[in-house]
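Visitor: Sharing a structure with you now.
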Amino acid sequence: MANQPVRPSDQPRLSSFYQYARRNPIELEKIRINRIVTDAVKPERVLDAFAGDGTSTRIFAKHAKLIVAIEKNRTAIEALLTLRRTRRLAITFSDNLSLLPSLTSNSFDLIDLDPYGNCYPQLEHARRLRSTAGVLLISSGQVQRVVRGLDIPELPASRLYSGKRAVLWAEEVWIPFLLKSLMQGDDLDIVHFFTSPVLTRVVIGPKSIRRKLFRLKTRKRYLGWFELAAVRGHDKS
């Protein structure tokens, strides 16, 4: 299901992006959230649809009996392939939209959609593939466009949230759009989210999962200069 694994001694040097990301406090917060969710939910079947270099895949592997990790970037897949190969880990070098339709419905307890930009085309597949008690982790880097006042065709109202108002975009525009795309009768809830000038991430699951994920209550929702913008906004309200 994947290319030949790279031997540990041949591990490629990670790109400057991945080296930076591992030191970035916003990326580090994403990793902490992944760990909290993984330890609480203990998902047996995981779909990592934008696997990158495998940073999140390693975390999900702690409890999973099966992980499907998909990545189309050749540099990233070389790093991903250095992970320990077992029958539990299926790595595919592919565009995820070409593979997701072939996966079995309601078969994943945790689905991670963590693209560089947006994952709107993948949402309908995530809705179908999520198990009844499954949790979704979804990210967007489009908040960077929102801050700059640029268009987002799928979310035209985003133009109203440029500059400091971008701190409100996740709650008022992006998350409602996700829920509308995912619901269709499902009893889904926003368990947690955080937003920053460069990345927004949300944890979505059935309302019954909130008790397991109580540790997320202590995590910040606004990072970077969004933290100060949120405080000032609340003071004015």
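Numbered by the working numbering, the letters in the sequence shown go through residues 1487 to 1723 in order. Glycine included, C-beta positions come from ideal geometry on N, C-alpha and C. This one's a predicted model, so the numbers in the text were calculated from it and none came from an experiment.
Beta-carbon within less than 8 Å of R1631's beta-carbon, same chain only, minus the 5 sequence neighbours each way: which residues are those?
Guide: Excluding sequence neighbours, R1631 sits near D1637, I1638 and S1644.
Visitor: Mark D1595 as exposed unless 16 or more other C-beta atoms lie within 10 angstroms of its C-beta, in which case mark it buried.
Guide: D1595 is buried by the Cβ-count criterion.
Visitor: With DSSP as the reference, label P1692 as helix, strand or coil.
Guide: Residue state, collapsed to three classes: strand.
Visitor: Nearest to I1517 by CA position, among T1618, S1542, E1564 and L1668, is which residue?
Guide: Checked all of T1618, S1542, E1564 and L1668; the closest Cα to I1517 is S1542.
Visitor: Helix, strand or coil for A1715 per DSSP?
Guide: The answer is helix: DSSP assigns A1715 an H, G or I state.
Visitor: So what's R1651 in DSSP terms, helix, strand or just coil?
Guide: Helix, per DSSP.
Visitor: Beta-carbon separation of R1531 and K1551 under 8 Å?
Guide: Yes, they are a contact pair.
Visitor: Could you spell out where the beta strand (DSSP E) holding A1555 opens and where it closes?
Guide: Its beta strand (DSSP E) spans residues L1552 to E1557.
Visitor: Using the beta-carbon count (16 or more within 10 Å), is E1564 buried or exposed?
Guide: By the neighbour-count rule (16 or more Cβ atoms within 10 Å), E1564 is buried.
Visitor: Within 10 angstroms of the Cβ of F1712, are there 16 or more other Cβ atoms? Answer buried if so, exposed if not.
Guide: Buried is the call here.
Visitor: Determine the extent of the beta strand (DSSP E) in which D1732 is found, giving its start and end residues.
Guide: The structure shown has nothing for residue 1732, since the chain only spans 1487 to 1723.
Visitor: According to DSSP, is S1617 helix, strand or coil?
Guide: In this structure, S1617 counts as strand in the three-state DSSP scheme.
Visitor: To the nearest angstrom, report how far apart Y1708 and S1682 are at their CA atoms.
Guide: Whole-angstrom Cα-Cα distance: 6 Å.
Visitor: To the nearest angstrom, how far is it from the Cα of D1525 to the Cα of K1548?
Guide: Between D1525 and K1548, the C-alpha separation is close to 8 Å.
Visitor: Using only the alpha-carbon positions, how far apart do V1633 and A1716 sit?
Guide: Cα to Cα, V1633 sits roughly 14 Å from A1716.
Visitor: With a threshold of 8 Å on Cβ separation, who are the neighbours of K1706 within its own chain once the five nearest residues in sequence on each side are excluded?
Guide: Around K1706: E1515, F1680 and E1713.
Visitor: Return the CA-CA distance between R1731 and L1569, expressed in angstroms with no decimal places.
Guide: Residue 1731 falls outside the range modelled here, since the chain spans only 1487 to 1723, and no answer is possible.
Visitor: Taking the C-alpha atoms as reference points, what is the distance between I1556 and E1658?
Guide: Distance between the alpha carbons of I1556 and E1658 is about 31 Å.
Visitor: Grab me the residues of R1614's own chain with a C-beta within less than 8 Å of its C-beta, minus the 5 sequence neighbours each way, in chain order.
Guide: Contacts found: S1591 and N1592.
Visitor: Report all residues from its chain with a CB closer than 8 Å to the CB of L1664; omit the five preceding and five following residues, and keep chain order.
Guide: So the qualifying residues of the chain are L1609, I1624, V1688 and I1690.
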